[in-house]
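S.K.: Residue numbers (UniProt numbering): 1 to 185.
Would you mind keeping the following structure in view while I ask a few things?
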């Protein structure tokens, strides 16, 4: 059953993305040992196996195994069990908790109290490519990861103590979008 355990690793994914996961057994293997094969399985919170529908077969490159996680149910917590078989008949087990989240929508509408980004995804892509002009971390993110980053950047900007009005005319959002109490005296 999927439950939080301090010894389990934690990952998360969006419903429509494929999450590539690498599990390393380097701390489990003896000096001379190698990882020969690996099995991965996944269960939902009801204890029903979802291995056939959600996991790819692990690819082993000692001392690690890589597999992908797809699909899932929004809001569900899954428990993965990754069993590595090493030389000298050693068996090592890793457990991973995986949560599945819904897709994110960016709202850049002027004056909308629910706006959560200052720019659209195409605007952000264009800006980053024009400013940096070379491959970078942004290029390795999924579309959902890029949206999440833009939302977090908007939240960071909103934490600044501005006057509540636009700083310049073509600024998309007024920030902060909620007034803070001013204490004087």
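No residue lacks a Cβ here, since even glycine has one placed at the ideal position from N, Cα and C.
Rounded to whole angstroms, what's the CA-CA distance from residue 90 to residue 102? Just pull it up for me.
M.R.: Roughly 39 Å between the two C-alpha positions.
S.K.: Figure out for me which residue from 29, 113, 121 has the closest Cα to the Cα of residue 93.
M.R.: Out of 29, 113, 121, 29 has the C-alpha closest to the C-alpha of residue 93.
S.K.: Could you spell out where the beta strand (DSSP E) holding residue 81 opens and where it closes?
M.R.: Residues 77-86.
S.K.: Assign residue 58 to one of two classes, buried (16 or more other C-beta atoms within 10 Å of its C-beta) or exposed (fewer than that).
M.R.: Counting Cβ neighbours within 10 Å, residue 58 comes out buried, since at least 16 surround it.
S.K.: Look at the alpha carbon of residue 65 and the alpha carbon of residue 23, and state the distance between them as a whole number of angstroms.
M.R.: Those two C-alpha atoms are separated by around 5 Å.
S.K.: Can you tell which of 126, 144, 72, 46 has the C-alpha that lies nearest to the C-alpha of residue 105?
M.R.: That would be 144, whose Cα lies nearest to the Cα of residue 105.
S.K.: With C-beta atoms as the reference, is residue 82 less than 8 Å away from residue 40?
M.R.: Yes, Cβ-Cβ distance for residue 82 and residue 40 is below 8 Å.
S.K.: Buried or exposed, going by whether 16 or more other CB atoms sit within 10 Å of the CB of residue 116?
M.R.: With 16 or more Cβ atoms within 10 Å of its Cβ, residue 116 is classed as buried.
S.K.: Would you call residue 14 buried or exposed, if buried means 16 or more other Cβ atoms sit within 10 Å of its Cβ?
M.R.: Burial call: buried.
S.K.: In three-state terms, what does DSSP make of residue 121?
M.R.: Residue 121 falls in the helix class under three-state DSSP.
S.K.: Under the rule that 16 or more other beta-carbon atoms within 10 Å means buried, what is residue 2, buried or exposed?
M.R.: In this prediction, residue 2 scores a pLDDT of 42, lower than 50, which makes its location untrustworthy; the coordinate-derived value is nonetheless stated afterwards. Per the 10 Å Cβ criterion, buried.
S.K.: Give the DSSP-derived three-state secondary structure of residue 18 in the structure shown.
M.R.: Looking at residue 18 - three-state DSSP - the assignment turns out to be coil, as it is neither helix nor strand.
S.K.: Pick helix, strand or coil for residue 132, following the three-state DSSP scheme.
M.R.: In this structure, residue 132 counts as helix in the three-state DSSP scheme.
S.K.: Is the Cβ-Cβ distance between residue 202 and residue 119 less than 8 Å?
M.R.: The shown model of the chain, from 1 to 185, leaves out residue 202, and the question about it has no answer.
S.K.: If you draw a straight line from the alpha carbon of residue 113 to that of residue 73, how long is it in whole angstroms?
M.R.: So the alpha carbons of these two residues sit roughly 29 Å apart.
S.K.: How long is the line joining the alpha carbons of residue 77 and residue 27, rounded to whole angstroms?
M.R.: Taking the straight line joining both Cα atoms gives about 27 Å.
S.K.: Classify residue 61 as buried or exposed, calling it buried when 16 or more other Cβ atoms lie within 10 Å of its own Cβ.
M.R.: Exposed.
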